[in-house]
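When we follow the numbering used here, the leftmost residue of the sequence shown carries the number 11, and every step to the right adds one.
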Amino acid sequence: MIRQLYNRLHKKFYYSTSFHRFIAPSTGNEKINSPKFSFYGKKLLSTLLKTRDVKILDQKAGKLGLQLGQIKCEITSLEELYILNEIFIDGCYNFSVPSNKIIVVDIGMNVGFASLFFAQFDSVKTIHSFEPFAPTFDQALNNFALNDQHIKAKITPHNFGLAADNKEEEWDYDYLRKGDTGLRNSFDTEASKFNITSKGKVKVVLKDATAVLDDILANRTTETLVIKIDCEGAEYEILEKLAARGWLSRIDVLMIEWHLKGPESISKLLLQYGFGILSQFPHNKVAGMIYAFNKSPR
């Protein structure tokens, strides 16, 4: 009975898509259209709206337009609201390095929030972003288009994913859970807990990570290279391939979200190649973060 109640509550709080209006008195906005996320969604949205330089741009059916400082975007689900809070409020990718010429590689672009976050910094000159799911990729393009030229011009989006080898596969896809779909096939591992099923299969194209980096970074000289990886399970094979091909020594900073298999193999690999690491949530059974800094790059 307790598990059934938890399942119903989780599904209601996390995956509802209808919109309604509610008053956010702490913001100066009289009424706003909000995803009907019950208490949790309202709390996330209120946190955003109480933050400096955040304002509502527009309210469309099923969408909420926001501006966060220089960055403009649209939210279409609670998951996106959660990711936006992680990136812009919690600062999960808020790195700082002594360089005014930075190249960022965003592996697992999703709807583009992290790429936009990186693009707001003057020191970041170029961002290469990778997203294999076409519907998610298209939504990212829409988010980029909302922004000023000096922001969106930095981002080069690629509609394929990175892996150890070139291949095409079919993966589960759910537009409400764009950030939770990928190689780990999370619907198999978690759907039974939350009574959620795949909305369908989507064909994705994956390319050899080292070959792609060789191509897009062929003209790199002294720029600092920062790689963010959040690709729902492919991080293990990508990092092993980068190590095998001598790429790890050419990377300055890595920000990695690992999934299901734990952080141990990644941490061991990075330490072996001279990185200092910070591992967050190492005992979590589902996911955690590793931040790695190369002590002697290249």
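By construction, the Cβ of each residue, glycine as well, lies at the ideal position given by its N, Cα and C atoms.
Cα atoms of isoleucine 81 and tryptophan 257: separation of roughly 32 Å, rounded to the nearest angstrom. Taking C-alpha positions only, glycine 243 is separated from isoleucine 266 by approximately 11 Å.
About 18 Å separates the Cβ atoms of valine 107 and histidine 138, ruling out a contact at the 8 Å cut-off. The beta-carbon separation of leucine 76 and cysteine 83, rounded to 6 Å, stays under the 8 Å limit for a contact. The C-alpha of phenylalanine 147 is placed about 21 Å away from the C-alpha of alanine 221.
Its Cα nearest to that of alanine 144, the residue Glu180 stands out among Leu281, Asp225, Glu180. Between the C-alpha atoms of glycine 210 and isoleucine 165 there is a straight-line separation of about 29 Å. In the three-state DSSP reduction, tyrosine 301 falls in the strand class (E or B). Looking at Trp268, Pro273, Leu94, Gly284, the one whose alpha-carbon comes closest to that of aspartate 262 is Gly284. When the Cα atoms are used, asparagine 153 and serine 259 turn out to be separated by approximately 33 Å.
For lysine 111, the three-state secondary structure derived from DSSP is coil.
Cβ-Cβ distances below 8 Å link phenylalanine 291 to Ala297, Gly298, Met299 in the same chain, with the five nearest sequence neighbours on each side left out; the list follows chain order. Taking the C-beta atoms as reference points, glutamate 245 is found no nearer than 8 Å to isoleucine 237. Counting along the chain, threonine 166 sits inside no alpha helix (DSSP H); it lies in the beta strand (DSSP E) bounded by residues 165-168. Closest by C-alpha distance to arginine 230, out of Phe105, Lys111, Lys251, Lys278, is Lys111.
A residue is called buried when at least 16 other Cβ atoms come within 10 angstroms of its Cβ; arginine 62 does not meet this threshold and is exposed. By alpha-carbon distance to asparagine 104, the top candidate from Gln130, Leu88, Asn169, Lys60 is Gln130.
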